[in-house]
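Asks:
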Amino acid sequence: MTACSSGTGTGWKAQKTYGARMARKGFWREALFRFERAAVEKPDDPEVLNNLAVAYESLGESAKALTTYKRALELAPSDPRIKRNYARFAESYTAQQRAGGAPATPTP
Amino acid sequence: MRVPGKPAVLLVLALSLPAVAGVHEVKLKLPLRPKLAVTGRERISLSPFIVATQLSEKKDAARYKDLDLDAEFRRYLGKQLGKRTKMTIIPMPAEVKLPTTVLKDLSENAEYWRSVGARTGADILLSGIVDFKIEDKSGYRAEEYVSRIDGRTYYRQVLVESTGFTFEVTVLAFDGKTGAKLFQETFRDAKEKPRRQADELLGLFENLFSLENQLLGLFVVREREANRYVFD
Numbered sequence: 120m121t122a123c124s125s126g127t128g129t130g131w132k133a134q135k136t137y138g139a140r141m142a143r144k145g146f147w148r149e150a151l152f153r154f155e156r157a158a159v160e161k162p163d164d165p166e167v168l169n170n171l172a173v174a175y176e177s178l179g180e181s182a183k184a185l186t187t188y189k190r191a192l193e194l195a196p197s198d199p200r201i202k203r204n205y206a207r208f209a210e211s212y213t214a215q216q217r218a219g220g221a222p223a224t225p226t227p
Numbered sequence: 011m012r013v014p015g016k017p018a019v020l021l022v023l024a025l026s027l028p029a030v031a032g033v034h035e036v037k038l039k040l041p042l043r044p045k046l047a048v049t050g051r052e053r054i055s056l057s058p059f060i061v062a063t064q065l066s067e068k069k070d071a072a073r074y075k076d077l078d079l080d081a082e083f084r085r086y087l088g089k090q091l092g093k094r095t096k097m098t099i100i101p102m103p104a105e106v107k108l109p110t111t112v113l114k115d116l117s118e119n120a121e122y123w124r125s126v127g128a129r130t131g132a133d134i135l136l137s138g139i140v141d142f143k144i145e146d147k148s149g150y151r152a153e154e155y156v157s158r159i160d161g162r163t164y165y166r167q168v169l170v171e172s173t174g175f176t177f178e179v180t181v182l183a184f185d186g187k188t189g190a191k192l193f194q195e196t197f198r199d200a201k202e203k204p205r206r207q208a209d210e211l212l213g214l215f216e217n218l219f220s221l222e223n224q225l226l227g228l229f230v231v232r233e234r235e236a237n238r239y240v241f242d
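Residue numbers (our numbering), protein chains in the order written: chain A, 120 to 227; chain B, 11 to 242.
(1) Give me the Cβ distance between residue 60(B) and residue 111(B), rounded to the nearest whole Å; I'm assuming they're in contact under 8 Å.
(2) Taking the alpha carbon of residue 132(A) as the point to measure from, which residue in 144(A), 145(A), 207(A) and 165(A) has its own alpha carbon closest?
(3) Can you tell me whether residue 166(A) is helix, strand or coil according to DSSP?
(4) For residue 155(B) and residue 204(B), what's the separation of their Cα atoms in angstroms?
(5) Applying a beta-carbon distance threshold of less than 9 Å, which residues of chain B neighbour residue 156(A)?
(6) Report all residues from its chain with a CB closer than 8 Å to the CB of residue 77(B); omit the five preceding and five following residues, and keep chain order.
(7) Is the number of C-beta pairs between the segment 183 to 197 of chain B and the segment 113 to 129 of chain B that are closer than 8 Å three or more?
(8) Write down the C-beta distance between residue 232(B) and residue 87(B) rounded to the nearest angstrom, noting that I regard them as a contact closer than 8 Å.
(9) Expressed to the nearest angstrom, what Euclidean distance is found between the alpha-carbon atoms of residue 169(B) and residue 54(B)?
(10) With DSSP as the reference, label residue 65(B) as helix, strand or coil.
(11) Using a C-beta to C-beta distance shorter than 9 Å, which residues of chain A count as neighbours of residue 197(B)?
(12) Between the segment 98 to 110 of chain B and the segment 158 to 167 of chain B, do at least 3 Cβ pairs fall closer than 8 Å?
(13) Enumerate in chain order the residues of its own chain whose CB-to-CB distance from residue 245(B) is below 7 Å, with the five nearest sequence positions on each side excluded.
(14) Residue 159(A): buried (16+ other C-beta within 10 angstroms of its C-beta) or exposed?
(15) Less than 7 Å between the C-beta atoms of residue 33(B) and residue 148(A), yes or no?
(16) Which bits of chain B does residue 135(A) rub up against, with CB to CB less than 8 Å?
(17) Which chain A residues sit within Cβ distance under 8 Å of residue 51(B)?
(18) Check each candidate in 140(B), 144(B), 149(B) and 217(B) and name the one with the smallest Cα separation from residue 181(B).
(19) Who pairs with residue 129(A) in a beta bridge, going by DSSP?
(20) Does any residue of chain A bring its CB to less than 7 Å from the CB of residue 229(B)?
(21) For residue 176(A), go through chain B and note every residue whose CB falls closer than 9 Å to its CB, in chain order.
(22) Give, in chain order, every unbroken run of the beta strand (DSSP E) that is at least 3 residues long and sits entirely within the segment 134 to 166 of chain B.
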């Protein structure tokens with residue numbers, strides 16, 4: 120077993136598990152930190168990348184979330200959970216883009 | 011002492027596992043950006059709004075006689091902006107009048123808005139057009155009832171007297187320095203009340219309360235809840 124019982128271990132699996140636990144509690148900064156560390160060791164694991172994308176999305180880093188979701192889907196194109204996450208993200212991302220956020224310049 | 015057998019241990023382990031091992035649905039609070047960039051432009055002033063139908067022209071003008079729609083809307087919006095945003099509300103001088111009652115002309119009159127901006131010192135100026143309609147919506151509707159004579163269910167037509175309140179506002183935002191239009195959006199809300207409970211001011215404020223979050227969403231970051239899957 121890679122994770123120690125009190126919290127974090129050092130392996131990517133332990134980081135991912137601990138990050139998921141933090142995500143369930145709503146501690147997204149900590150979750151992101153753990154998923155990033157897991158991704159350094161396992162950059163081609165679709166589950167790690169999915170978790171990382173969710174953490175980016177939760178913290179408002181939409182551009183990073185987009186590329187990370189896409190990479191996760193490339194690696195696991197038929198995973199229904201990743202597909203669903205990406206679809207929901209794409210919906211809210213598009214809505215934000217259409218709203219234009221905040222026009223910095225006057226509209227014509 | 012009886013040592014638990016293999017099946018019992020397995021059962022305990024199985025019960026302690028989550029429903030779907032390895033995947034969890036988590037809740038996210040996603041930030042919704044404001045539609046109007048207000049960072050660094052926190053001084054806002056509410057100019058008069060055009061009232062779509064002059065109240066005196068309405069057929070049943072008596073019902074609206076106590077309702078100054080422009081003043082009520084501006085007072086309400088100013089209060090909400092003051093309470094729920096970091097914006098500073100700059101009072102609009104009472105003598106400021108709109109140069110036109112045509113929305114398109116108003117939205118294109120950059121020179122006028124630049125002069126109002128210079129006069130008030132506001133970074134953002136709000137204006138637009140407001141409309142409030144009260145309509146009688148009486149009509150017959152089918153109602154189910156059980157006969158006391160034979161216990162069977164029948165339908166009968168009953169007269170329902172209700173009143174509809176519809177509020178619509180198009181908000182225009184202008185840059186106080188250049189007079190250029192920054193934003194335009196229309197918000198609408200409709201409510202229906204039984205005739206006996208119908209009161210125009212109460213109806214108006216019910217409409218406004220319904221639109222409150224949408225209107226404030228122009229200026230402040232809001233949050234929306236979403237669900238995503240994460241893997242253990």
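From the three backbone atoms N, C-alpha and C, an ideal C-beta is built for every residue, glycine too.
Replies: With the given structure in hand:
(1) Along the second sequence, read from residue 1 onward, the residue named residue 60(B) stands at position 50. Along the second sequence, read from residue 1 onward, the residue named residue 111(B) stands at position 101. Their Cβ separation, rounded to whole angstroms, is 5 Å, which keeps residue 60(B) and residue 111(B) in contact under 8 Å.
(2) Numbered from 1 along the first sequence, position 13 holds the residue referred to as residue 132(A). In terms of Cα proximity to residue 132(A), the closest of 144(A), 145(A), 207(A) and 165(A) is 165(A).
(3) Here residue 166(A) refers to the residue found at position 47 of the first sequence. In this structure, residue 166(A) counts as helix in the three-state DSSP scheme.
(4) Along the second sequence, one-based indexing puts residue 155(B) at 145. Along the second sequence, one-based indexing puts residue 204(B) at 194. Approximately 21 Å between the Cα atoms of the pair.
(5) Translated into the one-based positions of the first sequence, residue 156(A) becomes position 37. For residue 156(A), none of the residues of chain B pass the 9 Å Cβ criterion, the least Cβ distance being about 15 Å.
(6) Taking the second sequence and counting its residues from 1, the one referred to as residue 77(B) is at position 67. Non-local beta-carbon contacts of residue 77(B) in its own chain, meaning distances under 8 Å to residues more than five positions away in sequence, involve 65, 142, 210, 211 and 214 in chain order.
(7) With a cut-off of 8 Å, the segment 113 to 129 of chain B and the segment 183 to 197 of chain B count as touching, because enough Cβ pairs lie within range.
(8) On the second sequence, position 222 is the one that residue 232(B) refers to. On the second sequence, position 77 is the one that residue 87(B) refers to. With a Cβ gap of about 17 Å, residue 232(B) and residue 87(B) do not count as contacting.
(9) Walking along the second sequence from the start, residue 169(B) turns up at place 159. Walking along the second sequence from the start, residue 54(B) turns up at place 44. Residue 169(B) and residue 54(B) have their alpha carbons spaced roughly 49 Å apart.
(10) What you label residue 65(B) is simply residue 55 of the second sequence in a count that begins at 1. Caution applies to residue 65(B), whose pLDDT of 46 falls short of 50 and renders its modelled position unreliable; the model cannot decide the point.
(11) Taking the first residue of the second sequence as 1, we reach residue 197(B) at position 187. Among the residues of chain A, none has a CB under 9 Å from the CB of residue 197(B); the nearest is roughly 14 Å distant.
(12) In short, these stretches do not touch, since the Cβ pair count stays below three.
(13) In this structure chain B extends from 11 to 242, so residue 245(B) is not present and cannot be described.
(14) The count along the first sequence starts at 1 and reaches residue 159(A) at position 40. Its Cβ having fewer than 16 others within 10 Å, residue 159(A) is exposed.
(15) For the purposes of this step, residue 33(B) is identified with residue 23 of the second sequence, where counting begins at 1. For the purposes of this step, residue 148(A) is identified with residue 29 of the first sequence, where counting begins at 1. No. Outside cutoff.
(16) As a working note, residue 135(A) is residue 16 in the first sequence. Within chain B, the residues near residue 135(A) are 241 and 242.
(17) Indexing the second sequence from 1 puts residue 51(B) at position 41. Neighbours of residue 51(B) on chain A: none; closest Cβ ~10 Å, over 8 Å.
(18) For the purposes of this step, residue 181(B) is identified with residue 171 of the second sequence, where counting begins at 1. Residue 140(B) holds the alpha-carbon nearest to the alpha-carbon of residue 181(B) among 140(B), 144(B), 149(B) and 217(B).
(19) What you label residue 129(A) is simply residue 10 of the first sequence in a count that begins at 1. Looking at the DSSP assignment, residue 129(A) forms no beta bridge with any residue, so it has no partner.
(20) Sequence index remark: in the second sequence, residue 229(B) carries index 219 (1-based). With a threshold of 7 Å between beta carbons, residue 229(B) makes no contact with chain A.
(21) Mapped onto the first sequence, residue 176(A) falls at position 57. Correct list: 38, 40, 236 and 238.
(22) Counting only runs of 3 or more residues that sit fully inside the segment 134 to 166 of chain B, the beta strand (DSSP E) segments are 134 to 146 and 149 to 156, in chain order.
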